[in-house]
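Below is one structure; the comments refer to it alone.
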Amino acid sequence: DLLKKIAKRPAPGCMLMTGSTEYCDRIRGWQAMCLLVRFVTDDVLEEVCGHYFEAVSHNIHGQIRYFIEVFGVQLARRHPRAVLAKITSELRRPDLSTQHVCTLMIVAGNLTVGRYAAETAGAADVH
1 DLLKKIAKRP APGCMLMTGS TEYCDRIRGW QAMCLLVRFV TDDVLEEVCG
51 HYFEAVSHNI HGQIRYFIEV FGVQLARRHP RAVLAKITSE LRRPDLSTQH
101 VCTLMIVAGN LTVGRYAAET AGAADVH
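Numbering (our numbering), first residue to last: 1 to 127.
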């Protein structure tokens, strides 16, 4: 329920101003998800990825997006084939916002050429 709540598109006109209730709920929610990512098992991975990639598609405050990206990197480290396959699929879409593409590249970059490249080397061969 937490992931579903924080991944949904902000209501029209919602400003997510720093310190607002909505901002605090979302940033604390994504911080919590960064800790809870270790409990994402194969049986719930598809649902978690659905909510995660929905959240990535929204234009959202940079400080919140930071924790969305941290969660994405940690999720991809635990399930590299599934997450990199979805990222590859997403990057082929012509309708992505710049913020959306940047987040996908940050997550993919950490796994393919960045800090976690060695531990996910076998999974990075996604076509």
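C-beta: ideal position from N, C-alpha, C; glycine also.
As assigned by DSSP and simplified to three states, the class of residue i
{"i": "Asp95", "result": "coil"}
{"i": "His127", "result": "Low per-residue confidence applies at His127: pLDDT is 47, beneath 50, and the placement is therefore not dependable, though the value from the model is reported in the following sentence. In this structure, His127 counts as coil in the three-state DSSP scheme."}
{"i": "Lys8", "result": "coil"}
{"i": "Gly13", "result": "coil"}
{"i": "Glu90", "result": "helix"}
{"i": "Ala121", "result": "helix"}
{"i": "Val113", "result": "coil"}
{"i": "Thr128", "result": "Because the chain spans 1 through 127 in this model, residue 128 falls outside it and cannot be assessed."}
Residue i - containing alpha helix (DSSP H), residue span
{"i": "Glu66", "result": "Here the sequence assigns Tyr to residue 66, which means Glu is not the residue at that position. Its alpha helix (DSSP H) spans residues 62-78."}
{"i": "Tyr23", "result": "21-36"}
{"i": "Asp1", "result": "Per DSSP, Asp1 belongs to no alpha helix (DSSP H) and is neither H nor E."}
{"i": "Gly50", "result": "42-56"}
Cβ-based burial, residue i [other Cβ within 10 Å; buried from 16]
{"i": "Arg26", "result": "buried"}
{"i": "Ser57", "result": "buried"}
{"i": "Pro80", "result": "buried"}
{"i": "Ala121", "result": "exposed"}
{"i": "His127", "result": "Residue confidence is low: His127 scores 47 on pLDDT, short of 50, so the model does not pin down where it sits. Its coordinate-derived value is still stated next. The residue in question, His127, is exposed, as its Cβ has fewer than 16 Cβ neighbours within 10 Å."}
{"i": "Asp1", "result": "exposed"}
When the options are compared against residue i, the one with the closest alpha-carbon
{"i": "Lys5", "options": "Thr18, Arg115, Ala85, Tyr23", "result": "Tyr23"}
{"i": "Tyr116", "options": "Leu84, Arg9, Leu96, Val44", "result": "Leu84"}
{"i": "Val73", "options": "Thr98, Val113, Glu47", "result": "Val113"}
{"i": "Leu3", "options": "Pro12, Phe39, Met17, Val107", "result": "Phe39"}
{"i": "Gln63", "options": "Leu16, Leu111, Val48", "result": "Leu16"}
{"i": "Val44", "options": "Arg78, Ala118, Thr18", "result": "Arg78"}
{"i": "His100", "options": "Gly19, Asn59, Tyr66", "result": "Asn59"}
{"i": "Ile87", "options": "Leu35, Asp95, Ser20, Phe53", "result": "Phe53"}
{"i": "Gln31", "options": "Phe71, Gly109, Cys49, Ile106", "result": "Phe71"}
{"i": "His51", "options": "Tyr66, Leu75, Leu35", "result": "Leu75"}
{"i": "Pro10", "options": "Arg28, His61, Val37", "result": "His61"}
Any non-hydrogen atom of the ligand SAH closer than 7 Å to residue i Cβ
{"i": "Phe67", "result": "This structure does not include the ligand SAH; it has no bound ligands of any sort."}
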